[in-house]
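Sequential numbering of the sequence shown, starting at 26, is according to the numbering used here. All residues carry an ideal CB built from backbone N, CA and C; glycine is no exception. Predicted model only: the values in this text are computed from it and were never measured.
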Amino acid sequence: MKEQLEKIRQDALQQIESCGDLKILDDLRVKYLGKKGELTAILKQMGGLSAEERPLVGQLANQVRSDLEEKLTNRISSLKADLEEKRLKDEALDVTLPGKKTELGKLHPLTVVMNEVKEIFLGMGFEVVDGPEVETDHYCFEALNMPPHHPARDTQDTFYINDNVLLRTQTSSVQIRTMENRKPPIRIISPGRVYRSDAIDATHSPIFHQIEGLVIDKGITLGDLFGTLELLMKKLYGNDTKIRLRPHHFPYTEPSAEVDLQCFNCGGKGCPMCKGEGYVELLGSGMVHPKVLEGCGIDPEVYSGFAFGIGLERITMGRFNITDMRMLYENDERFLNQF
Ligand code: DAH
26 MKEQLEKIRQ
36 DALQQIESCG
46 DLKILDDLRV
56 KYLGKKGELT
66 AILKQMGGLS
76 AEERPLVGQL
86 ANQVRSDLEE
96 KLTNRISSLK
106 ADLEEKRLKD
116 EALDVTLPGK
126 KTELGKLHPL
136 TVVMNEVKEI
146 FLGMGFEVVD
156 GPEVETDHYC
166 FEALNMPPHH
176 PARDTQDTFY
186 INDNVLLRTQ
196 TSSVQIRTME
206 NRKPPIRIIS
216 PGRVYRSDAI
226 DATHSPIFHQ
236 IEGLVIDKGI
246 TLGDLFGTLE
256 LLMKKLYGND
266 TKIRLRPHHF
276 PYTEPSAEVD
286 LQCFNCGGKG
296 CPMCKGEGYV
306 ELLGSGMVHP
316 KVLEGCGIDP
326 EVYSGFAFGI
336 GLERITMGRF
346 NITDMRMLYE
356 NDERFLNQF
């Protein structure tokens, strides 16, 4: 029995020593020291020993048990220490490495000016109204007094989904949508994206932005249009800003006018920037055509109103002295970070 105990001790110590896994160590503990373990099995046979032998074997068995327990405890703690050390090594951070800088974004110049324009109009009691970019012929052309084959459609050619559905060429479509759905007084602006099948150059893009304005009420005159746009331009470009109305033609306004801004470069004397004109063209506007009002169920004998369409790119370029429209879309941070 002594030999058996010695053998158990030898085998167990050796197995524990060479074991590198906590789970297997626990299995070894059960195998040797557990209730059904090998050591317990030996102790159970002690009844068959003589009175002299029993205490000696008992002592040896206790010694083996405590040796194994001690060995197990040491092995477990050294294994845990190894694992911890490995974890720390794996998770080590090199705090001397330079950090990653989080760049703070900023608003795009078009958004900056769009927000300013919205604020100015909200201050004058206007409401901001949205409209769809995919539009029908009715809202984009027909209801704006441009029947099929009207020559004004030529300068506003767009991308067609089918004969009737297209990408809107102007935010003027929102005028019609608003007037069809509401009774005057109406005082709205409608900013948004518009499309034209134009080639890209310094002043053209197939996708750009407009801000439409519409006021309908009793007794609205061209004077109201002028006053509103003059105030807008003074707020955008400073108090010395001068504008002028120049007769023009739009099928959906009568009379129609283009609004020009006195050249901020030469103060109206004429320079290369304004091509010697003294003024730069800014936007289209006019008094809403009686036919357009009638088509939307508004009586032109009772109500009148003005409308205008501002090119957001154009006023942004003027505002920040940007000479090439393409820069607004290239997302070059060296350009965008200047605003
Ligand atoms: N829709 C015109 C354009 O795209 C701009 C415009 C002109 C809008 C006159 C209007 C207006 O509301 O009355 O060039």
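{"Asked": "The ligand DAH heavy atom lying under 8 Å from the CB of residue 308", "Found": "yes"}
{"Asked": "Through-space distance from residue 278 to residue 199, alpha-carbon basis", "Found": "15 Å"}
{"Asked": "DSSP state of residue 201 mapped onto helix, strand, coil", "Found": "helix"}
{"Asked": "When 104, 123 and 235 are compared against residue 154, the one with the closest alpha-carbon", "Found": "235"}
{"Asked": "For residue 93, the three-state DSSP class (helix, strand or coil)", "Found": "helix"}
{"Asked": "DSSP-derived helix/strand/coil call for residue 235", "Found": "strand"}
{"Asked": "Stretch-stretch touch, CB-based, cutoff 8 Å, three pairs: the segment 149 to 166 with the segment 126 to 139", "Found": "no"}
{"Asked": "Inter-stretch contact at 8 Å, needing at least 3 Cβ pairs: the segment 206 to 213 / the segment 170 to 187", "Found": "no"}
{"Asked": "Option in 324, 219 and 139 with minimal Cα separation from residue 244", "Found": "324"}
{"Asked": "Inter-residue Cα distance where the pair is residue 66 and residue 107", "Found": "34 Å"}
{"Asked": "Beta-carbon contacts of residue 181 that lie in its chain and below 7 Å, excluding the five residues immediately before and after", "Found": "194, 195 and 221"}
{"Asked": "Limits of the unbroken alpha helix (DSSP H) element including residue 221", "Found": "No alpha helix (DSSP H) contains residue 221, which DSSP labels as neither H nor E."}
{"Asked": "Length-filtered (4 minimum) alpha helix (DSSP H) runs lying within the segment 276 to 340", "Found": "315 to 320"}
{"Asked": "C-beta atoms of residue 309 and residue 273 nearer than 9 Å", "Found": "yes"}
{"Asked": "Element boundaries [beta strand (DSSP E), containing residue 160]", "Found": "159 to 161"}
{"Asked": "Own chain residues within Cβ distance below 8 Å of residue 334, not counting five before or after", "Found": "195, 196, 197, 235, 236, 237, 238, 308, 309 and 310"}
{"Asked": "Residue 141 versus residue 165: straight-line alpha-carbon distance, rounded", "Found": "26 Å"}
{"Asked": "Extent of the continuous beta strand (DSSP E) run through residue 120", "Found": "Segment: none, residue 120 is in no beta strand (DSSP E) and carries neither H nor E."}
{"Asked": "Best match in 27, 104 and 348 for proximity to residue 68 [C-alpha to C-alpha]", "Found": "27"}
{"Asked": "Residue 363 Cβ short of 8 Å to the ligand DAH heavy atom set", "Found": "no"}
{"Asked": "Candidates 361, 63, 288 and 349, of which the one nearest residue 229 by Cα", "Found": "349"}
{"Asked": "Secondary structure of residue 185, DSSP reduced to three states", "Found": "strand"}
{"Asked": "CA nearest to the CA of residue 255, picked from 285, 344, 29 and 179", "Found": "285"}
{"Asked": "Helix, strand or coil at residue 240 [DSSP, three-state]", "Found": "strand"}
{"Asked": "Segments of 3+ residues assigned as beta strand (DSSP E) that fall wholly inside the segment 243 to 276", "Found": "268 to 273"}
{"Asked": "Distance cut-off 8 Å: residue 181 Cβ against heavy atoms of the ligand DAH", "Found": "yes"}
{"Asked": "Beta strand (DSSP E) segment containing residue 154, residue limits", "Found": "No beta strand (DSSP E) contains residue 154, which DSSP labels as neither H nor E."}
{"Asked": "Buried versus exposed call for residue 191 [16 or more other C-beta atoms within 10 Å across all chains shown]", "Found": "buried"}
{"Asked": "Cβ-heavy atom distance, residue 255 to the ligand DAH, below 8 Å", "Found": "no"}
{"Asked": "Nearest-angstrom Cα separation, counted from residue 258 out to residue 345", "Found": "14 Å"}
{"Asked": "Supposed contact pair residue 169 and residue 214 - C-beta distance, whole angstroms, cut 8 Å", "Found": "Between residue 169 and residue 214 the Cβ distance is about 17 Å, and since that is not below 8 Å, they are no contact."}
{"Asked": "Supposed contact pair residue 306 and residue 283 - C-beta distance, whole angstroms, cut 8 Å", "Found": "6 Å"}
{"Asked": "Check: residue 222 C-beta below 8 Å from any heavy atom of the ligand NAP", "Found": "This structure lacks the ligand NAP; its bound ligands are the ligand DAH."}
{"Asked": "Cβ separation of residue 135 and residue 266, assumed to be a contact under 8 Å, to the nearest whole Å", "Found": "That pair is no contact at about 20 Å."}
{"Asked": "Cβ-based neighbour list, residue 62, same chain, cut-off 7 Å, excluding 5 preceding and 5 following", "Found": "55 and 56"}
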